[in-house]
Amino acid sequence: MEECYSLPSCARHKPCFFPFERDGQPWRKAGIGRRRHWTALHPTATYVRWCRACANLAAAGVSAGDAVLLVSPNGIEFPIAQLAIQLLPATCVAASPFLSPDELVHVMRVGMARWAVVDESVLGVIEKVTTMLPNTLREIWVIGSSSKSHPSFYSLMKTERWAAWPPQVENSSFNPAREVALMQFSSGTTGLTKGVMLSHRNLLTLYMQVKCFVEDVDNKKKASGEPDSEADILSRVLLFIPLHHNYATVTFNFVVTVGGCCVMMKTFSPHSFFNALQKYKITYAPIVPHIANFLLHTPLLKEYDITSLKSLISASAPLPPSTKQALTTRMGCAMRQGYGLTETCAGVATTIPHVYSKMGSVGRVMPYLEVKIVAPESSKGLPPGEEGEVWVRSPAIMLGYANVPGATASPSALKEGGWLPTGDLGHCDHEGFLFITDRIKDMIKVKGFQVSPRELEDVLRRVEGVREVAVIGVPSPRLGEAPRAYVVPLPGEATPSSQVLKDYVAAARLPPHKHLAGGVQVVDAIPKNSIGKVLKRRLRDEYLRAEAAKKTAGPPSKL
């Protein structure tokens, strides 16, 4: 349980670029080491470019309160554009570059964007969206050089016009607690994505949280004799996590806070990942569970020198303890785990080896946050050790969901007292460590018993020849719901049969209601979103469609 600290009074009427100053002075030049705060191969981003982009957006007609769509893979332009938009202060509507036209139409309607900054790789999709939503976008700036019909984003950073427009204007009517700085979209693992409205105060809280956390961890490391400070560990960070996602936002704030260097990859690819680790002497890399699983089995590890790597961190979904231990041994570095939601803006909990760490836990609760465990049915608070829904309260909690009837911050998303139900099942122990069991919506109800898919997935991962696994609940006339497993085999190894997998679960001393009565299906891949979360909704939909097709086809004809 952590107290919620107050925010600095100097930020009351400033947009959220306040944290990027040092002792009141902005970073005006790109330099070496602690002043080079993000990079993509050789270019560097500077405070000057950021201010120029902001001023020229304003000169083009973008006003405070406008929404600007930002769609781009990872690159140096993304943070420049995002921070320039927020400095106006306008709202940055950050979306995945992998969305379909229909999905982007949904994003546009929810975000109410009137301007756009897009990468040349997605320009065709954006232009198709503009035909579906005519007269919506007033201007599109393109990152790249292939467009002749739209202005280049780089033109926004070429003039000195920003010098006549002070970037540190205080406005007494500006309310950082209510103005939307950033709109990110929820993972959409159970339905349409929702636009999460994050205020300037939310983002400032994230910065203050990181600052307090780093100081606390460093003090504990000094006391215990640990050699590496957080600045040492975060000195060179490899980021392939999409920048439109909150996981990357939190990571980026950590890098900026300690003055580290962020090396960006547009997308993850095995050889590029290891090449970057070696070439740039990466010290820290955020990953997701399916990448952790890949790292455990890839032979590429032997081909590269990754001795500079001090730590990995996994987030977006729970990492099995066995995987965490095995990865620590194989990669030769520390392994952290984080837990958070888009709706919380900041991280909720994290583990730090030898500082905040306990087997099976996602860590200690971060500063500026409170966590409590409640009974899902009654919302009654539960004591340490008892399992219930995880609720979070913080000045980092979102304002609400954008333009979704019935999903505004009050009362549907936030409960009385400002508590946000996370939808996750878990418990806290007496030492303040948080443990996550599973998503409540994913729990399988078998004859009145609650079955955790994660528990069965952890068991199935132990089977030789299994690379990935996902377990869902499917309808059963006899049981209500039945656990069904989808398994991806390891390439080059014998594929375990469905019966072998069923027998393994049955032999694991699990009660009968946890057996795989819904069957086992071996597949080439398990559907995931851009951040690596398994799309169990899609698996359920595919199963139901297949079952409906069987019923429509009827029994096979007899010749």
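Position 112 of the sequence shown, counting from 1, maps to 112 under the UniProt record's numbering, and the rest follow consecutively. Yeah, the Cβ is synthetic: ideal placement off N, Cα and C, and Gly gets one too.
Identify which residue in the options has its Cα closest to the Cα of residue i.
i	options	result
ILE440	ALA375, VAL459 and GLY225	ALA375
LYS358	PRO321, CYS333 and GLU386	PRO321
GLN323	GLY347, ILE444 and VAL459	It is worth fixing the name first, because residue 323 is Thr in this sequence and not Gln. Selected option, being the one with the closest Cα: VAL459.
CYS92	VAL446, CYS54 and VAL129	CYS54
GLY123	VAL371, VAL142, GLN86 and HIS245	Per the sequence shown, residue 123 should be read as Leu rather than Gly. Checking every option, the nearest Cα to that of LEU123 belongs to VAL142.
HIS427	GLY417, ASP438, PRO242 and TRP419	ASP438
residue 645	VAL390, VAL237 and ASN202	Because residue 645 is not part of the residues shown, which for the chain are 1 to 559, the question remains open.
GLU431	ARG236, GLY338, LYS222 and TYR356	TYR356
GLY457	GLY532, GLY225 and LEU516	Reading off the sequence, residue 457 comes out as Glu, not Gly. Selected option, being the one with the closest Cα: LEU516.
ARG236	GLY225, GLU226, TYR247 and THR251	THR251
residue 573	THR329, ALA231, LEU312 and LEU277	Residue numbering for the chain in the displayed model covers 1 to 559; residue 573 lies beyond these limits and cannot be assessed.
ASP424	ASN56, ASP232, PRO318 and ASN293	PRO318
GLY473	VAL488, LYS415 and ARG538	ARG538
LEU182	PRO483, PRO289, ALA67 and SER147	ALA67
THR131	MET264, LEU204, ILE397 and PRO101	PRO101
PHE98	ALA60, ASN74 and ARG109	ASN74
PHE273	LEU490, VAL258 and ILE291	ILE291
ILE233	LEU295, GLY519, PRO489 and TYR284	TYR284
GLN278	ILE241, ARG364, VAL105 and LYS310	LYS310
THR350	SER498, SER314 and LEU490	SER314
CYS51	ASP218, TYR154 and ALA546	TYR154
Taking DSSP as the reference, what is the three-state secondary structure of residue i?
i	result
HIS430	coil
GLU230	helix
PRO483	strand
ALA461	The sequence as given places Arg at residue 461; Ala does not occur at that position. Note: ARG461 maps to coil in three-state DSSP.
VAL355	coil
LEU535	coil
ALA94	strand
LYS112	Just to set this straight, residue 112 is Met in the shown sequence, not Lys. MET112: coil per DSSP, three-state reduction.
THR307	coil
GLY33	Confidence is the limiting factor: at GLY33 the pLDDT is only 30, short of 50, which leaves the residue's position unreliable, though a coordinate-based value still follows. Three-state result, GLY33: helix.
LYS372	strand
LEU69	strand
ALA549	helix
CYS261	strand
VAL62	coil
ALA508	coil
VAL125	helix
ASP119	strand
LEU277	helix
LEU99	coil
PRO270	helix
GLU387	coil
THR251	helix
ILE436	strand
ALA517	coil
SER224	helix
Going straight from the alpha carbon of residue i to that of residue j, what length do you get?
i	j	result
GLY448	CYS262	49 Å
MET1	SER149	With a pLDDT of only 37 at MET1, under the threshold of 50, the placement of this residue in the model should not be trusted; the figure read from the coordinates follows. Spanning the two alpha carbons is a distance of roughly 54 Å.
SER378	LEU341	23 Å
GLY111	LYS220	42 Å
GLU370	GLY385	17 Å
GLU389	LEU399	21 Å
ILE287	TYR486	22 Å
GLU493	GLY465	6 Å
TYR304	ASN275	7 Å
PHE435	SER316	15 Å
LEU239	ALA549	43 Å
THR328	SER152	44 Å
GLY260	GLU481	49 Å
HIS244	SER96	6 Å
LEU192	SER361	30 Å
ARG462	GLN325	14 Å
Hey, could you find the ends of the beta strand (DSSP E) residue i is sitting in?
i	result
PHE185	180-185
SER314	311-314
ALA470	466-476
ARG236	236-239
TRP141	139-143
TYR520	Reading off the sequence, residue 520 comes out as Val, not Tyr. 520-522 is the span of the beta strand (DSSP E), which, as asked, contains VAL520.
On the DSSP bridge list, what partners appear for residue i?
i	result
PRO350	First, the residue type needs correcting, since residue 350 is Thr and not Pro in the sequence shown. DSSP, once it has assigned bridges, lists GLY338 and ARG364 as partnering THR350.
MET197	MET183 and GLY400
LYS445	GLN450
LYS415	TRP419
VAL392	VAL371 and LEU420
State the start and end residues of the unbroken alpha helix (DSSP H) segment that holds residue i.
i	result
LEU490	Here LEU490 belongs to no alpha helix (DSSP H), and DSSP marks it neither H nor E.
SER322	321-331
PRO79	77-87
PRO318	Counting along the chain, PRO318 falls outside any alpha helix (DSSP H), and DSSP gives it neither H nor E.
ALA292	289-297
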